[in-house]
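**Q** Dropping the structure in here first, questions after.
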Amino acid sequence: MIRFGKNILTFDTVTSTFDELGKLPVDEGYAVVAARQTAGVGRMGRQWLSDNGGLYFSFYIIPDTETDKIPFLALVCALAAYRTISCYTDCAIKWPNDIVADGKKVCGILTKSAVKSGKAVVMAGVGINVNNTHFDGELVSRAVSIKQITGKEWDTKQILNNFFECFEDIYLNLTNEQIIEEYSKVCATLGSDVAVHYNMSGDTVTGVCTKIRSDGSIDVKTADGEINVNSGEVSVRGIYGYI
659 MIRFGKNILT FDTVTSTFDE LGKLPVDEGY AVVAARQTAG VGRMGRQWLS DNGGLYFSFY
719 IIPDTETDKI PFLALVCALA AYRTISCYTD CAIKWPNDIV ADGKKVCGIL TKSAVKSGKA
779 VVMAGVGINV NNTHFDGELV SRAVSIKQIT GKEWDTKQIL NNFFECFEDI YLNLTNEQII
839 EEYSKVCATL GSDVAVHYNM SGDTVTGVCT KIRSDGSIDV KTADGEINVN SGEVSVRGIY
899 GYI
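Heads up, the sequence shown is in our numbering, so the first residue is 659 and it goes up one at a time.
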């Protein structure tokens with residue numbers, strides 16, 4: 659029985675799919691999809707450019723007490739997005755939850771916890787650059803669409819369905835250990851030289867990402883020793899580029 663994405667509400671333009679989802683009852687079957695967002699938000703409150711051509715959607719996750727994956731649901735979403743996008747072009751995961759292709763960002767994911775109607779829930783938002791034809795400003799060097807890579811137009815509805823199929827398979831059928839194992843195999847950050855930027859202090863340290871832990875945090879080997887960081891406190895980028 660299908661659990662996610664059964665009831666899809668589609669809009670031409672919204673401020674954000676998160677906002678529209680928040681107006682709905684807490685039900686994992688609901689998904690809000692928009693062709694364009696005027697105030698899309700990514701990690702750390704950054705603006706997420708959401709012009710026509712992309713696929714932008716949000717949905718509820720009600721964590722199961724027996725298979726509690728709250729600490730790394732962002733990684734589950736990223737792995738589902740990787741599986742989906744890899745059907746169309748070569749790609750990889752940039753920790754914690756970006757999908758990169760051709761050296762640029764093709765997908766971004768945001769998850770946040772909330773309490774609605776007395777339930778602990780997670781709201782997940784996904785933005786995939788599918789048929790976008792151009793990006794402005796600094797995004798020219800950092801963002802890319804599947805169409806720009808392949809030269810073909812793609813059906814966003816099919817991609818949405820593919821995502822929910824992948825997400826449901828990962829979330830319901832894999833153990834935490836299996837999720838981390840598969841994620842690690844396709845994560846471009848693992849084994850790479852990285853710059854770790856602490857969002858509160860503004861400090862930056864460099865090193866090599868050596869491990870992705872079961873809680874979704876990463877270990878980085880620096881000149882002064884190994885450190886462990888989580889996605890809520892840092893931003894991580896490659897020393898020699900976005901990845």
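We treat Cβ as the ideally placed atom computed from N, Cα and C, and that holds for glycine.
Small disclaimer: the values here were computed from a predicted structure and weren't measured.
Would DSSP call residue 833 helix, strand or coil?
**A** As a first step, residue 833 is located in the sequence shown; it is residue number 175 there, counting from the start. Three-state DSSP puts residue 833 in coil, outside helix and strand.
**Q** State the DSSP-derived secondary structure class of residue 825, mapped to helix, strand or coil.
**A** Within the sequence shown, residue 825 is the residue found at index 167, counting from 1. Residue 825 falls in the helix class under three-state DSSP.
**Q** Looking at C-beta atoms only, is the number of pairs between the stretch 662 to 679 and the stretch 752 to 762 that lie closer than 8 Å three or more?
**A** no
**Q** Whose C-beta lies closer than 7 Å to the C-beta of residue 840 among residues of the same chain, with five residues either side of it excluded?
**A** Position 182 of the sequence shown, counted from the first residue, corresponds to residue 840. The residues 737, in chain order, have a CB closer than 7 Å to that of residue 840 in the same chain once the five nearest residues on each side in sequence are set aside.
**Q** Could you check whether the Cβ of residue 866 sits closer than 8 Å to any Cβ belonging to chain B?
**A** Structure shown: chain B not included; a single protein chain is present.
**Q** What's the gap between the Cα of residue 696 and the Cα of residue 677?
**A** As a working mapping, residue 696 is identified with position 38 in the sequence shown. As a working mapping, residue 677 is identified with position 19 in the sequence shown. Those two C-alpha atoms are separated by around 11 Å.
**Q** Contact defined as beta carbons within less than 8 Å: I believe residue 742 pairs with residue 821. What is the distance between those atoms, to the nearest angstrom?
**A** Along the sequence shown, read from residue 1 onward, the residue named residue 742 stands at position 84. Along the sequence shown, read from residue 1 onward, the residue named residue 821 stands at position 163. Rounded, the Cβ-Cβ distance is 5 Å, consistent with contact.
**Q** For residue 710, does the three-state DSSP call read helix, strand or coil?
**A** On the sequence shown, residue 710 is found 52 positions in, with the first residue counted as 1. In this structure, residue 710 counts as coil in the three-state DSSP scheme.
**Q** Run the CB neighbour count on residue 799, radius 10 Å, all protein chains shown included, and call it buried at 16 or more, exposed below.
**A** Counted from its first residue, the sequence shown places residue 799 at position 141. Label assigned to residue 799: exposed.
**Q** Within a Cβ cutoff of 6 Å, which residues of the same chain sit near residue 835, ignoring the five residues on either side of it in sequence?
**A** Reading the sequence shown from its first residue, position 177 is the one you call residue 835. Annotation for residue 835: no residue places its beta carbon closer than 6 Å to its own, counting only its chain and skipping 5 residues before and after.
**Q** Starting from residue 736, follow its DSSP beta bridges and name the residues at the other end.
**A** In the sequence shown, the residue the question calls residue 736 occupies position 78. BP columns for residue 736 are empty, so no partner.
**Q** Could you compute how far the alpha carbon of residue 872 sits from the alpha carbon of residue 721?
**A** Start at 1 with the first residue of the sequence shown, and residue 872 comes out as number 214. Start at 1 with the first residue of the sequence shown, and residue 721 comes out as number 63. One C-alpha to the other measures close to 17 Å.
**Q** State yes or no: is the C-beta of residue 789 within less than 8 Å of the C-beta of residue 812?
**A** In the sequence shown, counting from the first residue as 1, residue 789 sits at position 131. In the sequence shown, counting from the first residue as 1, residue 812 sits at position 154. In contact: residue 789 and residue 812 (Cβ atoms closer than 8 Å).
**Q** Quick one: what does DSSP say residue 688 is sitting in, helix, strand or coil?
**A** Along the sequence shown, one-based indexing puts residue 688 at 30. Strand, per DSSP.
**Q** Between which two residues does the beta strand (DSSP E) containing residue 884 stretch?
**A** As a working note, residue 884 is residue 226 in the sequence shown. Segment 883 to 887, the beta strand (DSSP E) holding residue 884.
**Q** If we count the other Cβ atoms within 10 Å of its Cβ and call it buried at 16 or more, is residue 725 buried or exposed?
**A** Indexing the sequence shown from 1 puts residue 725 at position 67. At residue 725 the pLDDT is 43, less than 50, meaning the model places this residue with poor confidence; the figure from the coordinates comes in the next sentence. That one is exposed.
**Q** Quick check on the DSSP output: what are the complete beta strand (DSSP E) runs of length 3 or more inside the stretch 737 to 806, in order along the chain?
**A** Taken in chain order, the unbroken stretches of beta strand (DSSP E) that lie wholly in the stretch 737 to 806 and span 3 residues or more are 750 to 752, 756 to 759, 762 to 774 and 777 to 786.
**Q** Which one of 891, 895, 851 and 874 has the shortest CA to CA distance from residue 881?
**A** As a first step, residue 881 must be located in the sequence shown, where it is residue number 223. Put simply, of 891, 895, 851 and 874 the residue whose alpha carbon is nearest the alpha carbon of residue 881 is 851.
**Q** What residues are listed by DSSP as bridge partners for residue 896?
**A** Here residue 896 is taken as the residue at index 238 of the sequence shown, counted from 1. BP columns for residue 896 point to 852.
**Q** Which same chain residues, not among the five before or five after residue 715, have their C-beta less than 7 Å away from its C-beta?
**A** For the purposes of this step, residue 715 is identified with residue 57 of the sequence shown, where counting begins at 1. In its chain, beyond the 5 residues on either side, 675, 689, 690, 691, 784 and 818 have a beta carbon closer than 7 Å to the beta carbon of residue 715.
**Q** Please work out which residues of its chain come closer than 8 Å, Cβ to Cβ, to residue 862, disregarding the five sequence neighbours upstream and downstream, and give them in chain order.
**A** Your numbering for residue 862 matches position 204 in the sequence shown. The residues are 853, 854, 855 and 856.
**Q** From the DSSP output, which residues share a beta bridge with residue 869?
**A** Within the sequence shown, the letter at position 211 stands for residue 869. Beta-bridge pairing links residue 869 to 877.
**Q** Using a threshold of 8 Å, state whether the C-beta atoms of residue 773 and residue 718 are closer than that.
**A** Taking the sequence shown and counting its residues from 1, the one referred to as residue 773 is at position 115. Taking the sequence shown and counting its residues from 1, the one referred to as residue 718 is at position 60. No. Outside cutoff.
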